[in-house]
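Asker:
In full-length UniProt numbering, the protein residues as written are 1 to 426.
(1) Measure from the alpha carbon of residue 188 to the alpha carbon of each residue in 283, 372, 225, 161, then state which is nearest.
(2) Excluding sequence positions up to five away, which residues of its chain have a Cβ less than 6 Å from the Cβ of residue 205?
(3) Determine contact between the segment 95 to 107 and the segment 162 to 182, defined as no fewer than three beta-carbon pairs at a distance below 8 Å.
(4) Taking the beta carbon of residue 176 as the centre, do at least 16 other beta carbons fall within 10 Å, making it buried, or is it exposed?
(5) Measure the alpha-carbon distance for residue 394 versus residue 286 and round it to whole angstroms.
(6) Report back the beta-carbon spacing between residue 351 and residue 325 to the nearest angstrom; my notes put them in contact at under 8 Å.
(7) By the three-class DSSP mapping on this structure, what secondary structure does residue 161 have?
(8) Using beta-carbon positions only, say whether residue 252 and residue 292 come within less than 7 Å of one another.
(9) Is the separation between the beta-carbon of residue 335 and that of residue 2 shorter than 7 Å?
(10) Between which residues of its own chain and residue 178 is the CB-CB distance below 8 Å, once the five residues before and five after are set aside?
(11) For residue 42, count the other beta carbons within 10 Å of its own beta carbon; 16 or more makes it buried, fewer makes it exposed. Which is it?
(12) Please classify residue 430 as buried or exposed, where buried requires at least 16 neighbouring CB atoms within 10 angstroms.
(13) Report, in whole angstroms, the separation of the C-beta atoms of residue 86 and residue 127, which I expect to be a contact under 8 Å.
(14) Go through the segment 273 to 310 residue by residue and report every complete run of the beta strand (DSSP E) that reaches 3 residues or more, in order.
(15) Where does residue 341 fall in DSSP's three states?
(16) Report buried or exposed for residue 374, applying the criterion of at least 16 other Cβ atoms within 10 angstroms of its Cβ.
(17) Strictly by DSSP, which residues pair up with residue 135?
(18) According to the Cβ coordinates, are residue 229 and residue 77 closer than 7 Å?
(19) Where does residue 385 sit, in a helix, a strand or coil, going by DSSP?
(20) Residue 344 and residue 321 - do their beta-carbons sit closer together than 7 Å?
(21) From the DSSP secondary-structure annotation, give me the bridge partner or partners of residue 38.
(22) From residue 30 to residue 380, what distance separates their C-alpha atoms?
(23) Are residue 329 and residue 302 touching if we call contact CB-CB under 7 Å?
(24) CB residue 156 to CB residue 182, shorter than 7 Å?
(25) Verify whether the separation of the beta carbon atoms of residue 17 and residue 410 is less than 7 Å.
(26) What number of angstroms, rounded off, separates the C-alpha of residue 294 from the C-alpha of residue 12?
(27) What are the boundary residues of the alpha helix (DSSP H) that includes residue 92?
(28) Name the DSSP bridge partner or partners of residue 33?
(29) What is the C-beta distance between residue 59 and residue 103, in whole angstroms, given that I count them as a contact (C-beta under 8 Å)?
(30) Under three-state DSSP, which class holds residue 25?
(31) With DSSP run on the structure shown, which of helix, strand or coil describes residue 118?
(32) Can the beta-carbon of residue 408 be found less than 7 Å from the beta-carbon of residue 383?
(33) Reducing DSSP to helix, strand and coil, say where residue 427 ends up.
(34) Going by beta carbon distance, what residues of the same chain come within less than 7 Å of residue 370, once the five residues before and after it are set aside?
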């Protein structure tokens with residue numbers, strides 16, 4: 001795919017991809033109910049469609065009309081006669097490991113060549129310690145994974161990493177444990193699971209700082225959901241960034257999820273001097289609103305806190321660093337090494353191809369604002385890398401390999417690029 005340079009744009013965008021985190025959770029949590037669950041604006045991307053296929057294979061009845069989805073859960077989870085395919089989605093695989101560990105039956109989870117090389121031990125190890133039977137390569141660190149559902153023991157688990165996937169997997173397993181379980185993490189990760197489960201009347205207590213949870217065994221079905229899924233702030237970030245780095249440009253992004261654990265990258269742009277406003281328009285079980293961004297001169301910044309809140313936006317933030325005055329640094333982000341690609345290495349390597357002075361750190365990167373040149377970008381099959389450099393391509397043109405990976409999270413990304421005036425050659 002070749003992106004051609006764009007002079008400027010001024011528009012309002014309301015069709016940003018629906019939030020991926022909430023779409024996954026809506027589908028999986030529906031299995032904890034006994035009546036029909038409904039969602040409008042469900043994300044119709046490869047990752048979240050795979051999650052719908054998984055719950056269908058577990059016995060749920062799924063109906064789709066456009067982006068409206070209804071799910072009728074099974075009275076009992078089926079032990080399927082097929083592999084549960086997660087595609088490229090670490091969220092689907094990790095959450096399903098936690099859900100299925102305590103369900104009677106035999107289950108096999110697998111993914112694409114990238115997902116099957118991402119670490120699963122962070123979830124499989126603590127689950128094995130409470131009685132789960134999980135088998136896979138490298139002592140159940142790599143998929144495909146076989147799960148033989150068991151009655152699980154209660155736990156008091158202190159997670160050494162800040163991960164919403166680990167937290168949610170442990171919550172789901174705790175619902176099927178024999179007694180009350182406790183979970184805590186070193187710093188707050190995304191809290192969509194807690195927010196959604198609270199709205200469903202789930203038996204859990206959350207500490208005031210959200211760092212600790214008490215989870216009680218599930219002795220009755222949860223309340224079914226009827227929700228409108230807001231648009232994904234991680235997807236919207238690319239177009240906020242585009243408006244900031246292109247001259248004479250402005251964008252208004254509508255119906256965006258504004259959960260505090262999801263807008264940290266926008267706050268970093270504000271610290272860098274970006275003309276960017278966040279406007280709350282409604283509060284439901286999640287805060288929703290608008291993001292206004294326009295052309296800005298950026299200054300360097302050092303980012304070392306709340307990294308879990310901007311882990312998806314880090315490659316795009318690196319683009320902002322490359323266009324800022326001075327030397328920027330992001331650290332404490334070792335988690336980037338084990339995403340869909342090694343995002344530290346991929347980001348730095350590709351920035352160097354664009355003529356940027358970029359340095360790889362063990363847990364992040366250091367980037368000096370530079371003159372950008374057109375290059376051929378290696379996406380490594382990672383949607384975040386591909387989209388970040390596509391936005392940079394609006395400045396000077398860019399060629400990106402394996403761009404089809406973008407469909408895993410943002411199927412209409414190219415359509416929106418075209419709407420704002422970009423010319424794309426395939």
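Even for Gly, the Cβ is constructed at its ideal location relative to N, Cα and C.
Answerer: So, from the data block:
(1) Within the chain shown, numbered from 1, the residue matching residue 188 stands at position 188. Ranking 283, 372, 225, 161 by Cα distance to residue 188 puts 161 first.
(2) Locating residue 205 in the chain shown gives position 205, counting from the first residue. Excluding residues within five positions, the ones whose Cβ falls inside 6 Å are 214.
(3) yes
(4) On the chain shown, residue 176 is found 176 positions in, with the first residue counted as 1. Residue 176 comes out buried.
(5) Here residue 394 corresponds to residue number 394 of the chain shown, with the count starting at 1. Here residue 286 corresponds to residue number 286 of the chain shown, with the count starting at 1. Roughly 32 Å separates the two Cα atoms.
(6) Residue mapping note: residue 351 aligns to position 351 of the chain shown, counting from 1. Residue mapping note: residue 325 aligns to position 325 of the chain shown, counting from 1. Going by Cβ atoms, the distance from residue 351 to residue 325 rounds to 16 Å, so no, they are not a contact pair.
(7) The residue you call residue 161 lines up with position 161 of the chain shown. Residue 161: coil per DSSP, three-state reduction.
(8) If you number the chain shown from 1, residue 252 lands on position 252. If you number the chain shown from 1, residue 292 lands on position 292. Taking 7 Å as the Cβ cut-off, residue 252 and residue 292 qualify as a contacting pair.
(9) Looking up residue 335 in the chain shown gives position 335. Looking up residue 2 in the chain shown gives position 2. For residue 335 and residue 2, no; Cβs fall outside 7 Å.
(10) Within the chain shown, numbered from 1, the residue matching residue 178 stands at position 178. 151, 152, 153, 154, 217, listed in sequence order.
(11) Position 42 of the chain shown, counted from the start, is the residue given in the question as residue 42. Buried is the call here.
(12) The structure shown does not extend to residue 430, since the chain is modelled only from 1 to 426, so the question has no answer here.
(13) Start at 1 with the first residue of the chain shown, and residue 86 comes out as number 86. Start at 1 with the first residue of the chain shown, and residue 127 comes out as number 127. That belief does not hold up - the Cβ atoms of residue 86 and residue 127 are roughly 17 Å apart, past 8 Å.
(14) 275 to 283, 287 to 294
(15) Residue 341 sits at position 341 when you count from the first residue of the chain shown. Three-state DSSP puts residue 341 in coil, outside helix and strand.
(16) Numbered from its first residue, the chain shown carries residue 374 at position 374. Buried, by the Cβ-count rule.
(17) The sequence position of residue 135 within the chain shown is 135, counting from 1. Answer is 146.
(18) Within the chain shown, residue 229 is the residue found at index 229, counting from 1. Within the chain shown, residue 77 is the residue found at index 77, counting from 1. No; because the gap between Cβ atoms is not below 7 Å, this pair is not in contact.
(19) In the chain shown, counting from the first residue as 1, residue 385 sits at position 385. Helix at residue 385.
(20) Here residue 321 corresponds to residue number 321 of the chain shown, with the count starting at 1. Here residue 344 corresponds to residue number 344 of the chain shown, with the count starting at 1. No.
(21) Residue 38 sits at position 38 when you count from the first residue of the chain shown. The partner list for residue 38 (beta bridge, DSSP) reads 70, 226.
(22) In the chain shown, counting from the first residue as 1, residue 30 sits at position 30. In the chain shown, counting from the first residue as 1, residue 380 sits at position 380. Roughly 33 Å separates the two Cα atoms.
(23) As a working note, residue 329 is residue 329 in the chain shown. As a working note, residue 302 is residue 302 in the chain shown. Closer than 7 Å, so yes.
(24) The residue labelled residue 156 in the question sits at position 156 within the chain shown. The residue labelled residue 182 in the question sits at position 182 within the chain shown. Against a cut-off of 7 Å, the Cβ pair of residue 182 and residue 156 comes out as a contact.
(25) As a first step, residue 17 is located in the chain shown; it is residue number 17 there, counting from the start. As a first step, residue 410 is located in the chain shown; it is residue number 410 there, counting from the start. Contact: yes.
(26) Taking the chain shown and counting its residues from 1, the one referred to as residue 294 is at position 294. Taking the chain shown and counting its residues from 1, the one referred to as residue 12 is at position 12. The alpha-carbon atoms of residue 294 and residue 12 are separated by roughly 12 Å.
(27) The count along the chain shown starts at 1 and reaches residue 92 at position 92. From DSSP, the alpha helix (DSSP H) with residue 92 extends over 90 to 100.
(28) Locating residue 33 in the chain shown gives position 33, counting from the first residue. According to DSSP, residue 33 bridges with 222.
(29) For the purposes of this step, residue 59 is taken as residue 59 along the chain shown, with counting starting at 1. For the purposes of this step, residue 103 is taken as residue 103 along the chain shown, with counting starting at 1. So it is not a contact: roughly 11 Å between Cβ atoms.
(30) As a working mapping, residue 25 is identified with position 25 in the chain shown. Residue 25: helix per DSSP, three-state reduction.
(31) Translated into the one-based positions of the chain shown, residue 118 becomes position 118. Residue state, collapsed to three classes: coil.
(32) In the chain shown, residue 408 corresponds to position 408, counting from 1. In the chain shown, residue 383 corresponds to position 383, counting from 1. Yes. Within cutoff.
(33) Any answer about residue 427 is impossible in this case: the structure gives the chain only from 1 up to 426.
(34) Along the chain shown, one-based indexing puts residue 370 at 370. The answer, listed in chain order, is 322, 355, 356, 357.
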